[in-house]
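Below you'll find the structure, written out as structure tokens, and then a few comments.
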Amino acid sequence: MFNLRSASLASALDLTWFELRPAAIEIGARLRGYYINNVYRSGPHALTLRLRSPEGGESLLIVHTRRAAWIAESAPRLEMDDRARRLRDHLLRLRISGAAAVRNERIIEIVAEPDRRIYAEFFGVGNLVVVSGGRVEAALNSVKGRSRDVLPGAPYELPKPRRSIFEAGPEELAEALRTGRPLNRALGLAFLAPTKYLEEALWRSGLEPTTPAESVAPADLGRLAEELSRMGSELESATSLYLYRGDGVLEVSAIRLRRLEEIAGASPELHESPSRALDAALRAELAEEEGGEGAGAPEETRRLEQVAEEQEARARSLSERASSLRALAARLASGELGLEDALRSLEGDAGVRLVGRQLLLGDTRVSTDNPQAVSSALYGYAKRLESAASSLLSRAAEIRDRLGRLELAPPLRPDELKVREVRWYERHRWFLTSGGLLAVGGRDASGNSALVRRHLEPGDLVFHAEIVGSPFFILKGGRSSARAEDLEEVAQATVSFSRAWREGLAAADAYYVYPEQVSASAPSGEYLPRGSFMIRGPRNYVRGLRLEVAVGLCSEPDGGASPCSGPRRSVDERGLVYILLEPGHLRASDVASKAVRIISDHLPQGLEGLRGGLRVDDFLRLLPPGGSRIVGIARGKRLREVRVG
Numbered sequence: 179m180f181n182l183r184s185a186s187l188a189s190a191l192d193l194t195w196f197e198l199r200p201a202a203i204e205i206g207a208r209l210r211g212y213y214i215n216n217v218y219r220s221g222p223h224a225l226t227l228r229l230r231s232p233e234g235g236e237s238l239l240i241v242h243t244r245r246a247a248w249i250a251e252s253a254p255r256l257e258m259d260d261r262a263r264r265l266r267d268h269l270l271r272l273r274i275s276g277a278a279a280v281r282n283e284r285i286i287e288i289v290a291e292p293d294r295r296i297y298a299e300f301f302g303v304g305n306l307v308v309v310s311g312g313r314v315e316a317a318l319n320s321v322k323g324r325s326r327d328v329l330p331g332a333p334y335e336l337p338k339p340r341r342s343i344f345e346a347g348p349e350e351l352a353e354a355l356r357t358g359r360p361l362n363r364a365l366g367l368a369f370l371a372p373t374k375y376l377e378e379a380l381w382r383s384g385l386e387p388t389t390p391a392e393s394v395a396p397a398d399l400g401r402l403a404e405e406l407s408r409m410g411s412e413l414e415s416a417t418s419l420y421l422y423r424g425d426g427v428l429e430v431s432a433i434r435l436r437r438l439e440e441i442a443g444a445s446p447e448l449h450e451s452p453s454r455a456l457d458a459a460l461r462a463e464l465a466e467e468e469g470g471e472g473a474g475a476p477e478e479t480r481r482l483e484q485v486a487e488e489q490e491a492r493a494r495s496l497s498e499r500a501s502s503l504r505a506l507a508a509r510l511a512s513g514e515l516g517l518e519d520a521l522r523s524l525e526g527d528a529g530v531r532l533v534g535r536q537l538l539l540g541d542t543r544v545s546t547d548n549p550q551a552v553s554s555a556l557y558g559y560a561k562r563l564e565s566a567a568s569s570l571l572s573r574a575a576e577i578r579d580r581l582g583r584l585e586l587a588p589p590l591r592p593d594e595l596k597v598r599e600v601r602w603y604e605r606h607r608w609f610l611t612s613g614g615l616l617a618v619g620g621r622d623a624s625g626n627s628a629l630v631r632r633h634l635e636p637g638d639l640v641f642h643a644e645i646v647g648s649p650f651f652i653l654k655g656g657r658s659s660a661r662a663e664d665l666e667e668v669a670q671a672t673v674s675f676s677r678a679w680r681e682g683l684a685a686a687d688a689y690y691v692y693p694e695q696v697s698a699s700a701p702s703g704e705y706l707p708r709g710s711f712m713i714r715g716p717r718n719y720v721r722g723l724r725l726e727v728a729v730g731l732c733s734e735p736d737g738g739a740s741p742c743s744g745p746r747r748s749v750d751e752r753g754l755v756y757i758l759l760e761p762g763h764l765r766a767s768d769v770a771s772k773a774v775r776i777i778s779d780h781l782p783q784g785l786e787g788l789r790g791g792l793r794v795d796d797f798l799r800l801l802p803p804g805g806s807r808i809v810g811i812a813r814g815k816r817l818r819e820v821r822v823g
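Okay, so the sequence shown: first residue is 179 according to this note's numbering, each after it adds one.
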């Protein structure tokens with residue numbers, strides 16, 4: 179039968195190991211080296227992991243525990259519940275080193291450091307499980323079942339494996355067919371056989387799914403075994419996904435589904451990125467789970483309008499085909515048209531095939547030796563086309579009814595997580611001076627080299643300290659626009675982020691020069707180490723600079739906030755809350771931890787929601803090299819400063 183299922187929600191999707199496998203390969207390849215920076219709720223069954231690379235790049239991994247996991251550009255952000263919050267504590271700071279789908283299971287295994295496995299289970303209630311040393315460290319859902327338990331402290335065991343139908347040989351298939359059950363039912367009980375692929379294999383082999391299994395001829399069984407072998411090889415090598423759309427998403431597949439294309443008239447969309455396919459397929463479900471009818475408009479309104487029009491056009495086409503087939507069946511039954519002429523007139527019909535002396539009408543087969551049987555089959559096929567057309571029209575009407583509700587409903591917009599493009603200077607040390615100029619400094623020798631070679635322009639100024647191990651800082655546009663305060667701030671940052679901090683100096687000198695004074699070429703007979711440059715001509719000194727760095731949370735132009743560091747005056751200009759550091763003996767990791775706690779505690783009323791985004795690793799990257807001590811706390815330029823000892 180047609181099985182043109184309704185899919186106004188993606189909840190009808192049947193995702194299998196064959197779709198999860200390429201998705202997991204992509205996750206492992208693209209997210210290797212990223213660490214988990216935060217975890218959010220994105221729906222009743224979905225979590226989003228925000229990840230960052232050592233270079234500062236960002237990515238989002240959505241884990242929908244009823245469907246799949248995929249990399250996304252954005253995701254809904256909802257309130258965290260206690261279960262998700264507890265799990266988050268075990269996921270933070272884990273570094274991704276690989277991912278794979280567990281063979282023949284709806285499970286993705288993510289390998290994380292140090293010594294962890296994260297299992298995303300997409301069956302039953304769904305789960306996200308952190309495993310350490312073979313035991314469950316934490317789980318989103320605790321499960322106690324007949325065949326396996328997923329409980330904190332208990333050994334983690336994968337489900338008992340089942341043999342895939344694509345791994346079965348002709349003898350195993352023949353053994354499975356020794357029953358009076360329908361063919362598709364017999365194979366589905368004997369093997370792990372995803373419905374969409376089993377139906378495709380039977381259709382390609384010219385076998386009726388409801389045929390009694392024990393009546394299948396040896397030749398037909400051999401043809402099915404060959405087709406299963408071909409499909410198995412195709413599925414095992416798939417790295418992309420196909421998306422089929424109906425009123426919503428009809429199917430996601432690792433291979434082309436010819437049956438769906440010919441019978442349902444669905445067109446395949448090839449997505450080289452499995453994550454893009456899954457995001458397109460499941461985005462509407464996420465929106466409806468968290469936002470109700472109003473979510474996604476007006477984009478959803480336009481999409482549904484197009485889907486309704488396509489359904490109505492498809493229904494008209496099916497009705498026209500049904501009328502033609504009824505007329506053909508009548509002429510054949512009356513003898514007005516011969517069998518050969520009738521078969522010839524069917525050659526252009528997408529749902530009809532001639533295999534030997536068998537006529538295949540969709541998934542029904544009939545012998546061409548009997549004109550009356552062919553006529554009867556044509557009538558039956560026309561009736562099924564009419565039924566499919568009626569179903570399409572009903573779904574189109576439902577969509578238009580839903581469109582009416584969307585137009586009346588107010589749009590519901592939850593907070594949304596988005597992957598922000600990393601700006602070039604964010605890979606280096608940077609800050610905005612109190613005068614609004616961008617200052618960028620190298621983190622190490624290679625950073626110094628890249629900064630000067632790629633980003634130094636004629637209108638800039640170049641800063642360096644009178645000490646070995648000093649970074650180069652560039653003040654963008656400083657040649658014509660810098661105030662005395664801007665020059666002092668960049669000079670102070672240059673000495674504070676130099677080796678002078680590690681050596682515990684209280685003050686140091688820096689200088690600035692113009693771009694034409696900086697050269698990557700050493701004098702004849704001399705050698706310049708990596709990250710070093712020759713400075714020619716006079717130097718403009720700024721002396722007696724105090725070593726001090728402010729680290730805190732700064733406002734962004736888009737209304738958000740992000741960790742920041744730099745000279746006190748520049749951070750104070752746009753800072754919400756920050757701490758003041760001087761050289762000391764407190765380890766960098768301890769300083770970063772204290773910074774998170776102190777800043778969180780001192781956020782003013784109305785900004786408490788920013789606490790969940792404060793992460794130790796983010797602040798660790800901002801600290802000067804070496805030990806520090808905290809000498810003060812402040813709440814931005816316009817708030818009263820609170821001193822601590």
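Even for Gly, the Cβ is constructed at its ideal location relative to N, Cα and C.
- Spatial neighbours of residue 542 in its own chain (CB-CB distance under 8 Å, excluding positions within 5 residues in sequence) are listed in chain order as 386, 555, 558, 559.
- The shortest C-alpha to C-alpha distance from residue 416 to any of 379, 282, 240, 196 is the one to 196.
- Taking C-beta atoms as the reference points, residue 809 and residue 794 fail to come closer than 8 Å.
- Secondary structure in the region 371 to 453: the alpha helix (DSSP H) runs of 4 residues or longer, each lying completely within the stretch, are 373 to 383, 396 to 414, 436 to 441 in chain order.
- Note on residue 204: 16 or more other CB atoms within 10 angstroms of its CB, so buried under the neighbour-count rule.
- Contact between residue 328 and residue 314 holds: CB atoms are separated by about 6 Å, below the 8 Å threshold.
- Under the DSSP assignment, residue 351 falls in the alpha helix (DSSP H) whose first and last residues are 348 to 354.
- No residue range can be given for residue 695, since it is assigned to no beta strand (DSSP E) and is classified by DSSP as neither H nor E.
- DSSP places residue 776 in the uninterrupted alpha helix (DSSP H) bounded by 766 to 779.
- A Cβ-Cβ distance of about 5 Å is found for the pair residue 759 and residue 727, placing them in contact under the 8 Å criterion.
- By the 16-neighbour rule on beta-carbons within 10 angstroms, residue 744 is buried.
- With respect to the 8 Å criterion, residue 221 and residue 200 are not classified as neighbours on the basis of their beta carbons.
- In the DSSP assignment, residue 303 forms no beta bridge with any residue.
- Counting only residues of its own chain and dropping the five nearest sequence neighbours on each side, residue 500 has a CB closer than 6 Å to the CB of 560, 563, 564.
- Along the length of the region 647 to 729, whole alpha helix (DSSP H) runs at least 4 residues long occupy 656 to 659, 662 to 674, 677 to 680, reported in chain order.
- Residue environment: residue 602 is assigned as exposed (fewer than 16 neighbouring CB atoms within 10 Å of its CB, all protein chains considered).
- With fewer than three CB-CB distances shorter than 8 Å, the region 441 to 453 does not count as touching the region 404 to 415.
- Partner residues in a beta bridge of residue 215, as assigned by DSSP, do not exist.
- In this structure, the beta-carbon distance from residue 229 to residue 218 does not fall below 8 Å.
- Between residue 278 and residue 202, the CB-CB gap stays under 8 Å.
- By alpha-carbon distance to residue 687, the top candidate from 642, 711, 661 is 642.
- Bridge pairing for residue 756: 730, 812 [DSSP].
- Between residue 637 and residue 661, the C-beta gap is not smaller than 8 Å, which leaves the two residues out of contact.
- For residue 373, the number of other beta carbons within 10 angstroms of its own is below 16, and it is reported as exposed.
- At a Cβ-Cβ threshold of 8 Å, residue 792 and residue 777 count as neighbours.
- Setting aside the 5 residues that flank it on each side, residue 301 is surrounded in the same chain by 284, each with a C-beta closer than 7 Å to its C-beta; the list follows chain order.
- Beta-bridge pairing by DSSP links residue 285 to 299.
- Cβ-Cβ separation between residue 191 and residue 459: approximately 6 Å, consistent with a contact (criterion under 8 Å).
- Secondary structure of residue 322 (DSSP, three-state): strand.
- Take residue 231, set aside five residues on each side of it, and the residues of its chain with a beta-carbon closer than 7 Å to its own are 211, 212, in chain order.
- In the three-state reduction of the DSSP assignment, residue 368 falls in the helix class.
- Residue 352 is positioned such that its CB atom lies no closer than 8 Å to that of residue 365.
- Excluding residues up to 5 positions away in sequence, 509 lie with their Cβ nearer than 6 Å to the Cβ of residue 515 in the same chain.
- Three or more Cβ pairs closer than 8 Å define a contact, and the region 647 to 656 meets that threshold against the region 618 to 627.
- For residue 798, the enclosing alpha helix (DSSP H) has its first and last residue at 794 to 798.
- Residue range 739 to 744 is occupied by the beta strand (DSSP E) that includes residue 743, with no alpha helix (DSSP H) assigned at that position.
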